[in-house]
Structures are given as C-alpha cells and as structure tokens.
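Trainee: Residue numbers for the sequence shown follow the working numbering, so the first one is 1 and each next one is one higher. We put the CB at the ideal spot given by N, CA and C, even for glycine.
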Amino acid sequence: MEQTAGRPPLRDAPRPGPGQRPRSYKTEGVVLRAFPVLEADRLVIVLTPSLGKLKVTVRGARRIKSRLGGHLDVLNRVNLTLALGHRFDVVTGAESAESFASLKGDLDRLAAALYLCELVDGLLPEAAPHPAAYGLLLAALRALDGEVAPESVLRYVELRLLDDSGYMPELQRCLVCGKELEAGHHRYAPALGGTVDDRCVVAAGRVLPLSVDALKVLRHFARSDFAEATRLHLAPELDAELEGILGFSLQHVLEREMGTAGFIEHLRTLRRRPP
C-alpha cells in the first residue's frame, strides 16, 4: 500500500561497517536507474535520505517469478532490506511505498521525472548523504504525479540541485568586475557560473542572453521553498530561456549532455508538427 504523499521520509538505519554486526540494514530510497547484470540479476542505483546514493544488486530480479523485481522499478520509492556484499550490497527485501502511477501514464511527466533522476545520479557522488536532494526529488516526483506544471518543477529542481552540489549561480553581481547588476544590462556566463555585466562580456567568454524576467525568476527560486516556487506559471518563452541557461550550467558541471533532456526536446518537436 502506498503511503500518503505528505508523509515525511523514514529515517535510514545506519549502514554497518565491514567488521560490524548485523550484516543487514534497512533504508528507504527512490530508484534512479537500473541495469541488467549477468543473466538474471539487476544493478539498481537508489537515492536514500541519509546514506546517499547506493548501487545495490538484486539477484534474480529479471526472472518472471521474482518477488523483488516489480518493487524496484525506476522512479519507485521503496523500503529496502539489504545485506552487506563484497562489491555491492544485496537487496534481500523490497516493498514499493510509492509507485507514482499517474506520472508514469503521462509521457511528458514521465520524461521529466526520468530527466530529474538522471540529473541526480549525475550530480551526486556515491555514499555521501544528501538529505536535501532526497527531499527535493521526492517532492518533485509527487508534484509531477499530481497536477503541478512540469516546467516550474524542472527549473526549480535544476537550480536547487546546482546549489546542493556547490554550484549555485551568482545572480546579484557581475562575476568579472564584482559590481551589482543593473536591470536590463546583464548576461549569463555558464563557464563562470552566473551573471556578468554587459560591459564585461568580452572577458566572460561564452555568454547567454538573460532577460529581466528570467533573472527575477531565478532569484525567486533561489529564496523560495518548493511549494512556493512551483506555484509560479512560466510562459513558454520564459521557460525556454531558463531551460537554456540552467541546461548550459548543468552541462558545464557534468561535462556532458543529458540523454533524457534530448528526449524531452524530441517530444516537443513531435507536438509542434502539424497533424
């Protein structure tokens, strides 16, 4: 049975060290990604509240009669029992707590959720606690499973994940000269990590246009919680501008493009085609 959307995440049991007993522990987590291993096993990447990102093995998960495989679908929030393993810990028990069935039935929302999972996986190191990122991802999945506009969810989470990873963009001053920005006279420099004054663009390298409205939204997101930020409706033109700015920042940090971001753009292209 799924837990109610407003229920806070459970606290993880401490992961035992190599020489400690017991050799099993429990945690909840969100399944970020899954990969086939050998003939019937699966390697699953799970984000947990206080143990961070874990890679765990699910033995026999791809067998038809597996009692664990269905609970560990990507995006599910699951309660796990794990045993210490030599290379990866092994899932010995799993129960789905939230499956987010509504968003999985909507291609656009599903693509958005998969993008966020790929983003979290790319930005966060393994076995380093990131409780804020876990809470943020869970809030985003619940919002996408409801009726909140995906655009505001995606843009807010992108900015907050940059912040949680130590790459919060500068939004108040020019990163070249240090002066406060003048309204309407600013650009965005992804490689520098934030805003620059129009007069400093030559020294900033590659810069992107940054409208007054886009800067206002970024500043609003930077000081707002999830509920307040995602109440904001983003017009298509403004969302496209913010997507480009944050997307280039993330690409600079990750040093690669996001595969699911391309899929989202493909869906948009299909919608723009005449019937």
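Which residues bound the beta strand (DSSP E) around E28?
Mentor: That run of the beta strand (DSSP E) goes 24-37.
Trainee: Taking the alpha carbon of E147 as the point to measure from, which residue in R231, V30, E118 has its own alpha carbon closest?
Mentor: The option with the nearest alpha carbon to E147 is R231.
Trainee: Excluding the 5 residues preceding and the 5 following P236 in the sequence, name in chain order all residues of the same chain whose CB lies nearer than 6 angstroms to its CB.
Mentor: Nothing meets the Cβ criterion.
Trainee: Just how far apart, CA to CA, sit V196 and V44?
Mentor: If you take the alpha carbons of V196 and V44, they lie about 41 angstroms apart.
Trainee: Rank K179, E182, Y134, L144 by C-alpha distance to the C-alpha of R160 and give the top, closest one.
Mentor: Closest option to R160, Cα to Cα, is Y134.
Trainee: Would C200 be called buried (16 or more neighbouring beta carbons within 10 Å of its own) or exposed?
Mentor: Result: buried.
Trainee: CB of V202 to nearest heavy atom of the ligand SAM: below 7 angstroms?
Mentor: The ligand SAM is not among the ligands present in this structure, which contains no ligands whatsoever.
Trainee: Starting from the Cα of V74, find the closest Cα among G205, P169, V31, A222 and give me that residue.
Mentor: When only C-alpha atoms are compared, the closest one is V31.
Trainee: Buried or exposed: which applies to G184, given that a residue is buried once 16 or more other Cβ atoms fall within 10 Å of its Cβ?
Mentor: Exposed is the call here.
Trainee: Buried or exposed: which applies to H130, given that a residue is buried once 16 or more other Cβ atoms fall within 10 Å of its Cβ?
Mentor: That one is buried.
Trainee: With E237 as the anchor, note down where its alpha helix (DSSP H) starts and where it stops.
Mentor: From DSSP, the alpha helix (DSSP H) with E237 extends over 236-254.
Trainee: Nearest to V207 by CA position, among L175, H233, E180, is which residue?
Mentor: Here the closest residue by C-alpha is L175.
Trainee: Using only the alpha-carbon positions, how far apart do L154 and L116 sit?
Mentor: So the two alpha carbons sit approximately 7 angstroms from each other.
Trainee: Beta strand (DSSP E) containing H86: first to last residue?
Mentor: Counting along the chain, H86 falls outside any beta strand (DSSP E), and DSSP gives it neither H nor E.
Trainee: At the level of alpha carbons, what is the spacing between A162 and L114?
Mentor: First, the residue type needs correcting, since residue 162 is Leu and not Ala in the sequence shown. For L162 and L114, the distance between alpha carbons rounds to 18 angstroms.
Trainee: Can you round the beta-carbon distance between G193 and E158 to whole angstroms, since I take them to be within the 8 angstroms contact cut?
Mentor: No, G193 and E158 are not in contact; Cβ-Cβ is about 14 angstroms, not under 8 angstroms.
Trainee: Could you compute how far the alpha carbon of A149 sits from the alpha carbon of G247?
Mentor: In a straight line, the C-alpha of A149 is about 18 angstroms away from that of G247.
Trainee: Less than 8 angstroms between CB atoms is the rule here; does L43 satisfy it with respect to chain D?
Mentor: Note that chain D does not occur in the displayed structure, where there is just one protein chain.
Trainee: Quick one: what's S96 bridged to in DSSP?
Mentor: DSSP, once it has assigned bridges, lists V78 as partnering S96.
Trainee: What number of angstroms, rounded off, separates the C-alpha of S102 from the C-alpha of L254?
Mentor: Approximately 30 angstroms between the Cα atoms of the pair.
Trainee: To which residues does DSSP link R42 through a beta bridge?
Mentor: R42 is bridged to P36, V58.
Trainee: Identify, in the order they occur along the chain, each residue of the same chain with its Cβ nearer than 8 angstroms to the Cβ of A143, setting aside the five sequence neighbours on each side.
Mentor: Result list for A143: V153, F226, T230, in chain order.
Trainee: Under a three-way DSSP split, which group does Y188 fall into?
Mentor: The answer is strand: DSSP assigns Y188 an E or B state.
Trainee: Considering Cα atoms alone, identify which of G205, Y156, K26 is closest to A280.
Mentor: Since the displayed the chain opens at 1 and closes at 275, residue 280 lies outside it and no answer follows.
Trainee: Note down, in chain order, each residue of its chain lying with its Cβ closer than 7 angstroms to the Cβ of A139, except the 5 sequence neighbours on either side.
Mentor: Cβ neighbours of A139 beyond the five flanking positions: F226.
Trainee: Whole angstroms is fine: what's the gap from F221's alpha carbon to D213's?
Mentor: Between F221 and D213, the C-alpha separation is close to 12 angstroms.
Trainee: Name the residue from F100, D106, V58 whose alpha carbon lies nearest to the alpha carbon of F35.
Mentor: Ranking the options by Cα distance to F35, first place goes to V58.
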